[in-house]
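**Student:**
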Amino acid sequence: MPLHLLDISIILAYIVGILFLGFYISKKASKDLQSYFLGGNKLPWYYLGLSNASGMFDISGTMWTVSILFIYGLKSAWIPWLWPVWNQVFIFVFLAIWLRRSNAMTGAQWITFRFGEGQGARLAHIIIVVFAVVSVIGFIAYFFEGIGKYCAAILPWDLGMAIGPWYLTSERSYALIICLLTTLYTVKGGMYSVVATEVLQFLIMTISCFVVGYIAYTSVTAEQISAAVPPGWKDLFFGWELNLDWTNTALPAVNDKIAEDGFGMFGLLFMMMLFKGVFASIAGPVPSYDMQRVLSARTPSEAAKMSFTTIWVMYIPRYLMVAGFAVLALVYLSPVLEEMGPGIDFEKILPLAISRFVPPGFQGLLLAGFLAAFMGTFSAFVNAAPAYVVNDIYKKYINPHASDKKYVRLSILSSVMLVVVGIIFGFNAASLNRLTLWITAALYGGYVSANMLKWVWWRFSGYGYFWGMLLGLLASTVKLFVFPEIVDIYIFPVIFGFSLLGCLIGTYSKPLENREAIKEYYKKTRPWGFWGPIKREVMAEDPAFQPNTHLRRDSLNILAGIVWQLSQVVIPIYFMIRENDQLLTWVLVLILTSWWLKKNWWDHLHEADEETVKSSPAPAAGIVRNVPAG
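Numbering (full-length UniProt numbering), first residue to last: 1 to 630.
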């Protein structure tokens, strides 16, 4: 699409500015690994929260969210539960506190804190490193696919070129350039660079969201939206079947997309998402950028506040933009989509809407905003994964006495290598939707069992963790290559079952090792769950120890938090489609759940730091202690 000189200038100014910022603050990151990967545990929770929100505001995810709202209407509010998106609620209610008490640098180092030393613990440590690297490569491929489609549809230059016997499409060329630029400033500045640039990126993106919301709200009417969608499109709730028929609309081919996704039996889909969601959320954050933000917080209470902020500041602006683009496409882009024939690429709705409806000047701001969103998310993953390669492999097993400068140099090198591998996978990605479903349903299906049990079961061992993770990863890989036609979420229980079987076999194959380390973990982390024998031993040794009795309160806060989060999804959509009665109802729900969380969660956060100080033993080997009181 043709761009005004002003738009091009804004985009170029953003790219130059973000590179300058990354290089300017790089000196802070180069001191040691703690500074490079965790910002020295000195970054305030609100900066980390904005950074985390920016990291989740990715272009690929936004394109996918616009497409599912276009297709499924209000019922699309449930579909992101595939991830599940409300794992953030579990994290801010209690898991962030538990995780931050470890003082670990990475999820793999946390495994040593949980299981101690010994063969089983070492196997668990190695398998989580493998999972972290594999998942980051998958996400890099996912981002590569999304940014390429976006840039090729938006920017006016055709960068397609022949390189020997291969032809590099314009999409691939754009993706390659943007990924390399983002990698450049990320590896230079580490966590300081990531957080600083992501806070700036979040501000740009939020302004862009409100601009798009205004344009869409003033460009379409409620009558135009109603005429463009089938009956049931505006209904949030559902029965066993989806009952959404596009046959008598301008785009009957949407029915083919619903059939391809396999979401026709929406009641079954919802049950699968709920089943997966509970277990996956208790499993906690995966070893990537989200976990790094938690571990970077100054205290356990600030880790919880950071995760809460991620939802609080992101959802309403993001879904205002998503709803704006969706209604503009429904009303005005149906002829363009119809010309694509039966193979409509719904992931191009977002860039098409930008090119048609956003005026010059604002286009440059919006394009810079989406580049910001992509670069923020991409940089977060690029920063997270090398910590596992350097801190958890090289430093732990190969050269534990190298200089900090050497560790930082190896971190930069491993970042570049992982990006290259991820890009190679991105060249072979079929579509955003396929990548999304595989990552959320299949790959993470192998993660859930072991990482749920590690929090709540005293007898669970390093051997159980290793075999549970290994069988889960093998099952998800078999699904990817042998049964690609089966919708991933429906096979999640099978992968979960294989992983759970591995957990049980591995746990009971050998006696529990490192009992003292497990007691130290329990005393310091203070989880609720099935800890009977360990709890009795700890209380016998330390009569002053107070076990965690907050299961009921945490459970009620989780339910309130899920509804609180959902309200922030549907409020902007109801606002955009002028469903005012529903809008007012959900605004009231948001107010009530906010009040509940303030009274029953926020007001109790100071207890988390007080309990941490009281129960903190000497730090485990290799773990840096940095938990200031209060």
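Where is the CB? At the ideal position from N, CA and C, for every residue including glycine. Every value quoted in this text rests on a predicted model; they were computed, and no experiment measured them.
What does the Cβ neighbour count give for Phe496, buried or exposed, with the cut at 16 atoms within 10 Å?
**Tutor:** Here residue 496 corresponds to residue number 496 of the sequence shown, with the count starting at 1. With 16 or more other Cβ atoms within 10 Å, it is buried.
**Student:** So what's Leu432 in DSSP terms, helix, strand or just coil?
**Tutor:** For the purposes of this step, residue 432 is taken as residue 432 along the sequence shown, with counting starting at 1. Unreliable positioning characterises Leu432 in this predicted model, as indicated by a pLDDT of 48, which lies under 50. The coordinate reading is nonetheless provided below. In the three-state scheme derived from DSSP, where H, G and I count as helix and E and B as strand, Leu432 is classed as helix.
**Student:** So, under 8 Å CB-CB, Trp528 and Tyr522 are touching, yes? Tell me the CB distance rounded to an integer number of Å.
**Tutor:** Counting from one through the sequence shown, the residue named residue 528 turns up at place 528. Counting from one through the sequence shown, the residue named residue 522 turns up at place 522. That pair is no contact at about 11 Å.
**Student:** Which of the three DSSP states is assigned to Gly496 in this structure?
**Tutor:** Your numbering for residue 496 matches position 496 in the sequence shown. Gly is not the amino acid found at residue 496; the sequence shown has Phe there. In the structure shown, Phe496 sits in a helix (DSSP, three-state: H, G or I).
**Student:** Would you identify the three-state DSSP class for Phe90, choosing helix, strand or coil?
**Tutor:** If you number the sequence shown from 1, residue 90 lands on position 90. Reduced to three states, the DSSP call for Phe90 is helix.
**Student:** Based on Cα-Cα distance, which residue from Ile505, Ser476, Glu485, Val133 lies nearest to Pro493?
**Tutor:** Here residue 493 is taken as the residue at index 493 of the sequence shown, counted from 1. For the residues Ile505, Ser476, Glu485, Val133, the minimum Cα distance to Pro493 belongs to Ser476.
**Student:** Among Pro317, Ser403, Ile79, which residue has its Cα nearest to the Cα of Met265?
**Tutor:** The residue given as residue 265 occupies position 265 in the sequence shown. For Met265, the nearest C-alpha among the options comes from Ile79.
**Student:** What residues match up with Met306 in a beta bridge as DSSP calls it?
**Tutor:** One-based indexing of the sequence shown puts residue 306 at position 306. In DSSP, Met306 forms no bridge with anything.
**Student:** From what residue to what residue does the alpha helix (DSSP H) around Gly262 run?
**Tutor:** On the sequence shown, position 262 is the one that residue 262 refers to. Looking at the DSSP string, Gly262 is not in any alpha helix (DSSP H), and its letter there is neither H nor E.
**Student:** Going by beta-carbon coordinates alone, are Tyr490 and Thr106 separated by less than 7 Å?
**Tutor:** Against the sequence shown, residue 490 aligns to sequence position 490. Against the sequence shown, residue 106 aligns to sequence position 106. For Tyr490 and Thr106, no; Cβs fall outside 7 Å.
**Student:** Check whether the Cβ atoms of Met321 and Cys151 sit closer than 7 Å, and answer yes or no.
**Tutor:** For this step, residue 321 is matched to residue 321 along the sequence shown. For this step, residue 151 is matched to residue 151 along the sequence shown. Result no, Cβ atoms of Met321 and Cys151 do not sit closer than 7 Å.
**Student:** Taking the beta carbon of Trp45 as the centre, do at least 16 other beta carbons fall within 10 Å, making it buried, or is it exposed?
**Tutor:** Here residue 45 corresponds to residue number 45 of the sequence shown, with the count starting at 1. Per the 10 Å Cβ criterion, buried.
**Student:** Using 8 Å as the Cβ pair cut-off and three pairs as the minimum, do the region 93-112 and the region 287-305 touch?
**Tutor:** yes
**Student:** Taking Asn248 as part of the alpha helix (DSSP H), name the residues at either end of that continuous run.
**Tutor:** In the sequence shown, residue 248 corresponds to position 248, counting from 1. Looking at the DSSP string, Asn248 is not in any alpha helix (DSSP H), and its letter there is neither H nor E.
**Student:** Can you list, in chain order, the residues of its chain with a C-beta nearer than 7 Å to that of Ile137? Leave out the 5 residues immediately preceding and following it.
**Tutor:** Counting from 1 along the sequence shown, the entry for residue 137 is found at position 137. So the list reads Leu418, Val421, Gly422, Phe425, once near-sequence residues are dropped.
**Student:** Would you identify the three-state DSSP class for Met205, choosing helix, strand or coil?
**Tutor:** Looking up residue 205 in the sequence shown gives position 205. If DSSP states are grouped into helix, strand and coil, Met205 belongs with the helices.
**Student:** With a threshold of 8 Å, are at least 3 pairs of Cβ atoms found where one atom belongs to the region 359-370 and the other to the region 254-269?
**Tutor:** no
**Student:** Could you give the distance in angstroms between the alpha-carbon of Leu242 and the alpha-carbon of Gln568?
**Tutor:** Looking up residue 242 in the sequence shown gives position 242. Looking up residue 568 in the sequence shown gives position 568. If you take the alpha carbons of Leu242 and Gln568, they lie about 23 Å apart.
**Student:** Which partner residues does Phe530 have in the DSSP bridge list?
**Tutor:** Within the sequence shown, the letter at position 530 stands for residue 530. Looking at the DSSP assignment, Phe530 forms a beta bridge with Trp457.
**Student:** Going by beta carbon distance, what residues of the same chain come within less than 7 Å of Met340, once the five residues before and after it are set aside?
**Tutor:** Locating residue 340 in the sequence shown gives position 340, where the first residue counts as 1. Within the same chain, no Cβ atom closer than 7 Å to the Cβ of Met340 is found once the five residues on either side in sequence are excluded.
**Student:** Determine, using beta carbons only, whether Trp564 and Gly506 come nearer to each other than 7 Å.
**Tutor:** Within the sequence shown, residue 564 is the residue found at index 564, counting from 1. Within the sequence shown, residue 506 is the residue found at index 506, counting from 1. No, these two residues do not count as a Cβ contact at 7 Å.
**Student:** How about the region 201-208 and the region 227-240: do they share at least three Cβ pairs that are nearer than 8 Å?
**Tutor:** no
**Student:** The alpha helix (DSSP H) with Trp240 in it runs from where to where?
**Tutor:** Along the sequence shown, read from residue 1 onward, the residue named residue 240 stands at position 240. Annotation for Trp240: no alpha helix (DSSP H) segment contains it, and DSSP assigns it neither H nor E.
**Student:** With three or more C-beta pairs closer than 8 Å as the rule, is the region 316-335 touching the region 122-132?
**Tutor:** Judged by Cβ distances under 8 Å, the region 122-132 makes no contact with the region 316-335, as fewer than three pairs qualify.
**Student:** Could you check which residue in Asp235, Thr183, Asn87, Leu244 has the C-alpha nearest to that of Asp581?
**Tutor:** Here the question's residue 581 lines up with position 581 in the sequence shown. Selected option, being the one with the closest Cα: Asp235.
**Student:** Where does Ile10 land, buried or exposed, given buried means 16+ other C-beta within 10 angstroms?
**Tutor:** Within the sequence shown, the letter at position 10 stands for residue 10. Flag for Ile10 reads buried.
**Student:** Roughly how many whole angstroms lie between the Cα atoms of Thr112 and Leu500?
**Tutor:** For the purposes of this step, residue 112 is taken as the residue at position 112 of the sequence shown. For the purposes of this step, residue 500 is taken as the residue at position 500 of the sequence shown. Approximately 21 Å, taken between the alpha carbons.
**Student:** According to DSSP, is Met105 helix, strand or coil?
**Tutor:** Working through the sequence shown from its first residue, we reach residue 105 at position 105. Coil.
**Student:** Can you grab the Cα-Cα spacing for the pair Val89 / Leu5, in whole Å?
**Tutor:** One-based indexing of the sequence shown puts residue 89 at position 89. One-based indexing of the sequence shown puts residue 5 at position 5. Each residue's Cα considered, the two are about 43 Å apart.
**Student:** Between the Cα of Ile518 and those of Ile534, Gly61, Lys510, spot the shortest distance and give me the residue it belongs to.
**Tutor:** Here residue 518 corresponds to residue number 518 of the sequence shown, with the count starting at 1. Nearest C-alpha to Ile518: Ile534.
**Student:** Just the Cα atoms here: how many angstroms apart are Glu198 and Asn248?
**Tutor:** Here the question's residue 198 lines up with position 198 in the sequence shown. Here the question's residue 248 lines up with position 248 in the sequence shown. Roughly 44 Å between the two C-alpha positions.
**Student:** Roughly how far, in whole angstroms, is the beta-carbon of Val93 from the beta-carbon of Asn548, given that I think they are within contact range, below 8 Å?
**Tutor:** On the sequence shown, residue 93 is found 93 positions in, with the first residue counted as 1. On the sequence shown, residue 548 is found 548 positions in, with the first residue counted as 1. Their Cβ separation, rounded to whole angstroms, is 13 Å, which puts Val93 and Asn548 out of contact at 8 Å.
**Student:** Run through the DSSP bridge pairs and tell me what Met161 is partnered with.
**Tutor:** Taking the first residue of the sequence shown as position 1, residue 161 is located at position 161. Looking at the DSSP assignment, Met161 forms a beta bridge with Leu168.
**Student:** How many angstroms separate the CA atom of Gly160 from the CA atom of Cys179?
**Tutor:** As a position in the sequence shown, residue 160 is number 160, starting the count at 1. As a position in the sequence shown, residue 179 is number 179, starting the count at 1. One C-alpha to the other measures close to 17 Å.
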